[in-house]
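Sequential numbering of the sequence shown, starting at 12, is according to our numbering.
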Amino acid sequence: MKEFSVPMALVDLIPVVLFFLASRIIVNDLDACRTKLSSILFQIGAYLVTAAGLLKAIYKLLYALGAGDFIWMNNQMFPNQAIGFLLAGIGLMLSVKEYGKRVYAILPTMALVGMMVIGLGAMDAALCSLAAKRGKTKALVLFVVSFFLSLCMGYLSSRSFDTAAMNWIAQGVNILGQGCLLGGSLVLKKNA
12 MKEFSVPMAL VDLIPVVLFF LASRIIVNDL DACRTKLSSI LFQIGAYLVT
62 AAGLLKAIYK LLYALGAGDF IWMNNQMFPN QAIGFLLAGI GLMLSVKEYG
112 KRVYAILPTM ALVGMMVIGL GAMDAALCSL AAKRGKTKAL VLFVVSFFLS
162 LCMGYLSSRS FDTAAMNWIA QGVNILGQGC LLGGSLVLKK NA
């Protein structure tokens, strides 16, 4: 039996909201340096990641309320998040091309884990590059920390989330990671 509680499910919404806000800031701030294709890829990816997290949080809430075990809501998280991060990362890397860099994406054979790491790496590398070009060292540091915390989430996802303790640890790491992404996005804003 899974140890989900209503407060845990509500706290699980925090990183979803933080990621969504960060992605909106990134889209609005970088439109001038992005092609239509890169913007579309990033936005589709960001929406997939947001939807995956939202459905997982709703799953926990419904389970905690005793409404049922809607396992598909739980199982969709990893594939949708992996594909979403990959698309968002490719979209941002294409936008970096505007600054004179070229990036080629290669899909690894370890599909889901590889896609997520590549997508997150591409997304954070592009954001770090933009932060460096804009002289925003704080944003760069926040993006690096966000990436490493996301890698920690990858490690944690290989563990069982049936216990409350593991869920709270993962939520704390995820909130910190998405908070760093949001903070870096705010610092990176053109007028900040």
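We put the CB at the ideal spot given by N, CA and C, even for glycine. If you're wondering where the values come from, they're calculated on a predicted model, not measured in any experiment.
Outcome for residue i when other beta-carbon atoms lying within 10 angstroms are tallied against a minimum of 16
| i | result |
| --- | --- |
| residue 140 | buried |
| residue 199 | buried |
| residue 88 | buried |
| residue 113 | Annotation note: pLDDT 44 at residue 113 (below 50); position unreliable, coordinate value reported separately. Exposed is the call here. |
| residue 48 | exposed |
| residue 165 | exposed |
| residue 63 | buried |
| residue 17 | exposed |
Boundaries (first-last residue) of the alpha helix (DSSP H) holding residue i
| i | result |
| --- | --- |
| residue 190 | 175 to 199 |
| residue 16 | From DSSP, residue 16 is part of no alpha helix (DSSP H); its letter is neither H nor E. |
| residue 81 | Unbroken run through residue 81: none, as it is neither H nor E. |
| residue 165 | 148 to 168 |
7 Å CB neighbourhood of residue i in its chain, flanking five on each side removed
| i | result |
| --- | --- |
| residue 54 | 38 |
| residue 149 | 198 |
| residue 74 | 13, 15 and 80 |
Residues near residue i in its chain [Cβ-Cβ closer than 6 Å; skip 5 each side]
| i | result |
| --- | --- |
| residue 138 | 154 |
| residue 103 | 53, 134 and 137 |
| residue 71 | 15, 20 and 23 |
| residue 192 | 33 and 157 |
| residue 182 | 22 and 23 |
Neighbourhood of residue i by C-beta distance below 8 Å, restricted to the same chain and skipping five residues each side
| i | result |
| --- | --- |
| residue 65 | 24 and 27 |
| residue 119 | Annotation note: pLDDT 35 at residue 119 (below 50); position unreliable, coordinate value reported separately. Result list for residue 119: 125, 126 and 129, in chain order. |
| residue 30 | 57, 60, 61, 64, 189, 192 and 193 |
*For the 8 Å Cβ check, are there 3 or more pairs between the region 150 to 157 and the region 186 to 202?*
A contact exists between the region 150 to 157 and the region 186 to 202.
_Does the region 12 to 24 come into contact with the region 144 to 152, if we say contact requires no fewer than three beta-carbon pairs (one atom in each stretch) closer than 8 Å?_
No contact exists between the region 12 to 24 and the region 144 to 152.
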